[in-house]
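I have placed the structure first, in the form of structure tokens, so that the comments after it can refer back to it.
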């Protein structure tokens, strides 16, 4: 089911990516990117995805970050053409992460804006609000565009939060702003589609019909065929809800005829399977590489942990031995001190004994140490 928001998303992405001048040092990836974008502009979306995937792979090998991000953004845009919003989110998220790493403010803004649109369509309210907050610090697109996308983004957040009336209010403000500033029928067409969807969600089928018909009429004048397909499909869905089987069948037929000519579904299914297999192989290779890295990291962690355990055990042994040595040293000092005290006591007792013996002797008992003759 091709959504009428697609033209707005493509407008944002193309406006942002085409304003960036790529590097000339790595021409292979960039040449593939230009070829893919030419196919994209011609409506050959299936082959465009294939070439843009080659551009992405070449840019990764060359280290060409700008072309890598632009290719990711363009591939995400094409996935939205076929309502594959989960895949689109994956490519936009990769582009957004890379833009942060390389400090590329414009591509960060573009990928965040497209993520907001996808999350709004998927009903991911928290993710949509996170993207909206990220966009508050984005570089200016110019006064008019900042004002316009301020309305659109607030409407998308409200839509993700199921606040239909608030979403309709902001989309109506955006439409009025586009008309008053003559910003082009492509934006008018998509905004009519947004308002029509809001009215449909609110159960206002008559107003939804009016807006879808206005969207269809503008698209018929030369607007994107993808938007015209979406208008047909939305009208068929609306008439089914209204119980009008005849007009439901009429617009279903118009949608299928136009979609077959625009999207070449048979070729699309074969190419999607081929691209899916390629993406799956790439994911498997990345998973294998990550698994190997994780195994190596666990081995390193095991070695480090074992070394730490051995170190802790060694420290504990050394600490215990040190404590034992300190205790033995203290005991030795204590015994030495006791020994010194004991010797002092013995010396004092000996002196007291000798003094007592000396005191009890009479002078006659004292022997003459030397005779006069010996003295002379």
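In the numbering used here, the protein residues as written are 252 to 627. Backbone N, C-alpha and C fix where the C-beta goes; we use that ideal spot for every residue, glycine too.
8 angstroms Cβ cutoff met for residue i and residue j
| i | j | result |
| --- | --- | --- |
| residue 360 | residue 386 | yes |
| residue 444 | residue 480 | no |
| residue 324 | residue 362 | yes |
| residue 401 | residue 365 | no |
| residue 440 | residue 459 | no |
| residue 449 | residue 418 | yes |
| residue 497 | residue 491 | no |
| residue 358 | residue 320 | yes |
| residue 415 | residue 453 | yes |
| residue 336 | residue 373 | yes |
| residue 322 | residue 341 | no |
| residue 318 | residue 343 | no |
| residue 234 | residue 489 | For the chain, the structure presents residues 252 to 627; residue 234 sits outside this window and is missing. |
Same chain, Cβ closer than 6 angstroms to residue i, five either side skipped, listed in chain order
| i | result |
| --- | --- |
| residue 598 | none |
| residue 630 | The chain is shown from 252 up to 627; residue 630 falls before or after that span and cannot be answered. |
| residue 607 | none |
| residue 353 | 316 |
| residue 273 | Low confidence applies here, because residue 273 scores a pLDDT of 48, under 50, leaving its location unreliable and the question unanswered by this model. |
| residue 502 | 483, 486, 487 |
| residue 609 | none |
Close beta carbons around residue i, own chain, < 7 angstroms, minus the five adjacent residues each side
| i | result |
| --- | --- |
| residue 506 | 480, 483, 484, 487 |
| residue 275 | Note that residue 275 scores 48 on pLDDT, short of 50, meaning its location in the model is unreliable; the coordinates nonetheless yield the value given after this. No residues qualify anywhere along the chain. |
| residue 379 | 367, 370, 371, 407, 408, 411 |
| residue 338 | 330 |
| residue 311 | 319 |
| residue 350 | 320, 358, 359, 362 |
| residue 302 | 283, 286, 287, 290 |
| residue 382 | 363, 366, 367, 370 |
Contact belief for residue i with residue j at Cβ below 8 angstroms, rounded distance in angstroms
| i | j | result |
| --- | --- | --- |
| residue 309 | residue 279 | 5 angstroms |
| residue 477 | residue 288 | Not quite, the Cβ-Cβ distance comes to about 16 angstroms (not below 8 angstroms), so this is no contact. |
| residue 447 | residue 463 | 4 angstroms |
| residue 425 | residue 403 | 5 angstroms |
| residue 631 | residue 283 | This structure does not reach residue 631, given that the chain is present from 252 up to 627, and the question cannot be answered. |
Proximal residues to residue i (C-beta, below 8 angstroms), its chain only, five neighbours per side dropped
| i | result |
| --- | --- |
| residue 565 | none |
| residue 585 | none |
| residue 422 | 402, 403, 406, 442, 445, 446, 449 |
| residue 557 | none |
Residue range of the alpha helix (DSSP H) that includes residue i
| i | result |
| --- | --- |
| residue 349 | 336-353 |
| residue 307 | 296-313 |
| residue 316 | 316-332 |
| residue 406 | 394-411 |
| residue 279 | 278-293 |
C-beta neighbour in chain C for residue i, strict 8 angstroms
| i | result |
| --- | --- |
| residue 595 | You won't find chain C in this structure, because it holds only one protein chain. |
Quick one: complete alpha helix (DSSP H) runs, 4+ long, within the segment 355-385? 356-373
Continuous alpha helix (DSSP H) assignments of at least 4 residues falling wholly in the segment 415-476: 415-431, 436-453, 456-471
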